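Written below as structure tokens is the structure these notes are about.
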Amino acid sequence: MIKRLALILLVVPLFTYGQKGKKVLKQQNNNLENYRPAYHFSPKSGWMNDPNGLVYLDGEYHLFFQHNPDQPVWGPMHWGHAISTDLIHWKELPIALFPDSLGTIFSGSAVVDKGNTAGFGKDALVAIYTNHSHEIEKKKTGLHQTQSIAYSLDKGKTWIKYKGNPVIANPGVWDFRDPKVSWHKETGQWIMALATKQSITFYGSKDLKAWGKLSEFGKGIGAHGGVWECPDLIRFNTKEGEKWVLLVSINPGGPNTGSATQYFVGSFDGHTFTTDQKDIRWMDYGPDNYAGVTFSNTGERNLLIGWMSNWEYANQVPSETWRSGNTIVRELGLVKNETGWMLTSTPVAELDKTSKSVLKSKNIPVNKTTDLSKAFAQLGNTVDASFTLDNLVDFKVELSNEDGDRLIFGFDKKKNEYFIDRSKAGETNFSDKFITNPVAPRTVKAVGSDLRFLLDRNSIELFADNGMTVMSALFFIKKAFTQLVIRTNEHVVLKDFSVKKVN
Ligand code: FRU
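For the sequence shown, this note's numbering assigns the number -3 to the initial residue and increments by one for each residue that follows.
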């Protein structure tokens, strides 16, 4: 069976087991009317933005998120909560943090306090977040954002706010938020990366309560088209030793306008982050990946979730009772190429466990137009597909449905750019800021390329060159794509073409 799968083009019908254990053909949900993703997290109702407090504890991954439970638009921020044991399927739990006398609850992080440094208890989960006071904001003093902490002794179910909040008062900086905290073993302290206007300020603490300023990073470096938000300082152990990556989300000022996340590769000595990087680098060139940060307590694995939207139009997208989903969880890597150390992102390996192979083919010759719809027709837009090209030529992958919606992505050799064209993929007129033709430069020089794309009803995530160039984009169609056609003017062979249905 395995041999046959590997050798020939094979379309496997999708079977599942009925209640009585009988094999039945799985019902496909081809109605995408409410735009809700199938295998990406979205809140049951209300509004969601940034992922917060990503942390692993005792077999559970916790995802907290910026949440307005009462309306599907941004409003008074709470921390919503969901957990997963496999990083793919999420269960939404009751709200974790509610607004209080210090303000609403903006973005932040969570850690497992293994050494009981804060004295809340061994292995307490401690959340470090921004309190945003709308009352103080009105006074225009710039003192409205402060940092606070809360802890949980029952694995995130209930939370107690620390009586000494705020733990960092505002020194008069209008944008002063989104603390991301990690343990720095060499100096025996907690390090906080905090977004401060258009820079990142690092603080240090022995107990998560008393914080001292260490250093500031960002003047004259990187993209400054908008405010800096949601930083994350990440350690990588490479063959050439330890490297550090600083993620900084910026809004607006992204490469395709609007929100996006830039990164810096450098070193961190427990006090200062330094880099000799001169160019601006983006973690994801697509319009819909913002405020991404990594999990705490996952060992050497750096696992990131981003918010799959863009502040340019997030409040207007045409879902109704809820708004926004997340990106797939991505494993970050650091790879050295001609440009230097580059960040790569690829879907977590856990995704493979929940998907079922529908088509596997070693070689598919593509000449002008090649129709691969047969393998694609019944998948209901929950797809994980990939292929490699020995020789990277101009090509377009076109997905379409019976309504005439068309999503196109591919590569433009002359411009050396990957692209997504969502201009004809359903509703686009809910906002004139909806960027319809995002592009991304190719940064590797290899002759061939590999491409993987995840479709989840109304989103696409494109990973090219082993995750070196990534694009995430939403679109809004009502019926699932049933056709997949590849177009090129050259003769090329698609190698290892694989299509999987994600369950
Ligand atoms: C980023 C952001 C954060 C802030 C939060 C408020 O998307 O603006 O800087 O903490 O959203 O919801």
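Virtual Cβ for every residue (Gly too), placed ideally from N, Cα, C.
All of these numbers come straight from a predicted model, not from anything done at the bench.
Cβ-Cβ distance between Leu450 and Val393 below 9 Å: For the purposes of this step, residue 450 is taken as residue 454 along the sequence shown, with counting starting at 1. For the purposes of this step, residue 393 is taken as residue 397 along the sequence shown, with counting starting at 1. No, these two residues do not count as a Cβ contact at 9 Å.
Euclidean distance between Cα positions of Thr126 and Leu93: For this step, residue 126 is matched to residue 130 along the sequence shown. For this step, residue 93 is matched to residue 97 along the sequence shown. Their backbone Cα atoms lie some 12 Å apart in a straight line.
Straight-line Cα distance separating Glu225 from Tyr78: The residue given as residue 78 occupies position 82 in the sequence shown. The residue given as residue 225 occupies position 229 in the sequence shown. First, the amino acid is wrong: residue 78 is Ala here, not Tyr. Their Cα atoms are separated by approximately 23 Å.
Alpha carbon of Asn485 to alpha carbon of Gly104, nearest angstrom: Start at 1 with the first residue of the sequence shown, and residue 485 comes out as number 489. Start at 1 with the first residue of the sequence shown, and residue 104 comes out as number 108. Taking the straight line joining both Cα atoms gives about 49 Å.
DSSP-derived helix/strand/coil call for Ala256: By 1-based counting over the sequence shown, the position of residue 256 is 260. Correct three-state label for Ala256: strand.
Minimum length 3: unbroken beta strand (DSSP E) runs contained in the segment 94 to 178: 100 to 109, 120 to 128, 141 to 148
Rounded C-alpha distance that separates Tyr281 from Asp203: Residue mapping note: residue 281 aligns to position 285 of the sequence shown, counting from 1. Residue mapping note: residue 203 aligns to position 207 of the sequence shown, counting from 1. Approximately 38 Å, taken between the alpha carbons.
Three-state class that DSSP yields for Ala310 in the structure shown: Counting from one through the sequence shown, the residue named residue 310 turns up at place 314. In the structure shown, Ala310 sits in a helix (DSSP, three-state: H, G or I).
Glu182 (DSSP reduced to helix, strand or coil): As a position in the sequence shown, residue 182 is number 186, starting the count at 1. Three-state result, Glu182: coil.
Three-state class that DSSP yields for Lys370 in the structure shown: As a position in the sequence shown, residue 370 is number 374, starting the count at 1. If DSSP states are grouped into helix, strand and coil, Lys370 belongs with the helices.
Alpha carbon of Ser455 to alpha carbon of Asn322, nearest angstrom: Residue mapping note: residue 455 aligns to position 459 of the sequence shown, counting from 1. Residue mapping note: residue 322 aligns to position 326 of the sequence shown, counting from 1. Their Cα atoms are separated by approximately 10 Å.
Counted within 10 angstroms of its Cβ, other Cβ atoms place Asp46 as buried (16 or more) or exposed: Taking the first residue of the sequence shown as position 1, residue 46 is located at position 50. Asp46 is buried by the Cβ-count criterion.
Simplified DSSP state of Glu236, which is helix, strand or coil: Here residue 236 corresponds to residue number 240 of the sequence shown, with the count starting at 1. If DSSP states are grouped into helix, strand and coil, Glu236 belongs with coil.
The segment 436 to 446 / the segment 383 to 392 touching (three or more Cβ pairs under 8 Å): yes
Lys475 - DSSP class collapsed to helix/strand/coil: As a first step, residue 475 is located in the sequence shown; it is residue number 479 there, counting from the start. The answer is strand: DSSP assigns Lys475 an E or B state.
Bridge partners - Trp43, DSSP secondary structure assignment: Looking up residue 43 in the sequence shown gives position 47. DSSP output for Trp43 lists Asn64, Arg319 as bridge partner(s).
Close beta carbons around Ser245, own chain, < 6 Å, minus the five adjacent residues each side: In the sequence shown, the residue the question calls residue 245 occupies position 249. Answer for Ser245: Glu225, Cys226, Thr257, Tyr286, Ala287, listed in chain order.
Lys193 versus Leu139, Pro162, Ser148, residue with shortest Cα-Cα distance: Here residue 193 refers to the residue found at position 197 when the sequence shown is read from its first residue. Closest by alpha carbon: Leu139.
Coil, strand or helix - Glu457 by DSSP: Translated into positions along the sequence shown, residue 457 becomes position 461. Residue state, collapsed to three classes: strand.
Residue burial classification, Asn363 (beta-carbon count within 10 angstroms, cutoff 16): The count along the sequence shown starts at 1 and reaches residue 363 at position 367. Counting Cβ neighbours within 10 Å, Asn363 comes out exposed, since fewer than 16 surround it.
For Leu395, the three-state DSSP class (helix, strand or coil): The residue given as residue 395 occupies position 399 in the sequence shown. Here Leu395 sits in strand by DSSP.
Helix, strand or coil at Asp492 according to DSSP, with G and I counted as helix: Reading the sequence shown from its first residue, position 496 is the one you call residue 492. Here Asp492 sits in strand by DSSP.
Residues near Asn298 in its chain [Cβ-Cβ closer than 6 Å; skip 5 each side]: On the sequence shown, position 302 is the one that residue 298 refers to. These residues qualify, in order along the chain: Ile230, Thr290, Leu328.
Beta-bridge partners of Met278, as assigned by DSSP: In the sequence shown, counting from the first residue as 1, residue 278 sits at position 282. Note on identity: in this sequence residue 278 is Trp, with Met being the wrong assignment. DSSP lists Gln258 as partners of Trp278.
Where the alpha helix (DSSP H) containing Asp348 begins and where it ends: Along the sequence shown, one-based indexing puts residue 348 at 352. First-last of the alpha helix (DSSP H) with Asp348: 346 to 349.
Inter-residue Cα distance where the pair is Val344 and Ile324: Here residue 344 is taken as the residue at index 348 of the sequence shown, counted from 1. Here residue 324 is taken as the residue at index 328 of the sequence shown, counted from 1. So the alpha carbons of these two residues sit roughly 8 Å apart.
Cutoff 6 Å; reference Phe32; Cβ partners in own chain excluding five residues on either side: As a working mapping, residue 32 is identified with position 36 in the sequence shown. The question names Phe, yet the displayed sequence has Arg at residue 32. Here the set comprises Ser38.
Proximal residues to Pro95 (C-beta, below 8 Å), its chain only, five neighbours per side dropped: The residue you call residue 95 lines up with position 99 of the sequence shown. Pro72, Met73, His74, Ile101, listed in sequence order.
Alpha carbon of Val177 to alpha carbon of Lys239, nearest angstrom: Here residue 177 refers to the residue found at position 181 of the sequence shown. Here residue 239 refers to the residue found at position 243 of the sequence shown. Their Cα atoms are separated by approximately 18 Å.
Span of the beta strand (DSSP E), counted from its first residue to its last, around Gly329: The residue labelled residue 329 in the question sits at position 333 within the sequence shown. That run of the beta strand (DSSP E) goes 326 to 333.
Sub-9 Å separation of Glu346 and Ile164 beta-carbons: If you number the sequence shown from 1, residue 346 lands on position 350. If you number the sequence shown from 1, residue 164 lands on position 168. Going by C-beta atoms, Glu346 is not nearer than 9 Å to Ile164.
Sub-9 Å separation of Ser255 and Glu308 beta-carbons: Walking along the sequence shown from the start, residue 255 turns up at place 259. Walking along the sequence shown from the start, residue 308 turns up at place 312. In contact: Ser255 and Glu308 (Cβ atoms closer than 9 Å).
Simplified DSSP state of Ala469, which is helix, strand or coil: What you label residue 469 is simply residue 473 of the sequence shown in a count that begins at 1. DSSP places Ala469 in strand when its eight states are reduced to three.
Rounded separation between Asn499 and Trp170 - CA only: To locate residue 499, count along the sequence shown from 1; it is residue 503. To locate residue 170, count along the sequence shown from 1; it is residue 174. So the two alpha carbons sit approximately 44 Å from each other.
Separation of Arg438 from Leu490, as counted between CA atoms: By one-based count along the sequence shown, residue 490 stands at place 494. By one-based count along the sequence shown, residue 438 stands at place 442. The alpha-carbon atoms of Leu490 and Arg438 are separated by roughly 19 Å.
Close Cβ partners of His180 (< 7 Å) along its chain, the five nearest in sequence each way excluded: Within the sequence shown, numbered from 1, the residue matching residue 180 stands at position 184. Same-chain partners within the cutoff: Ile187, Gly266.
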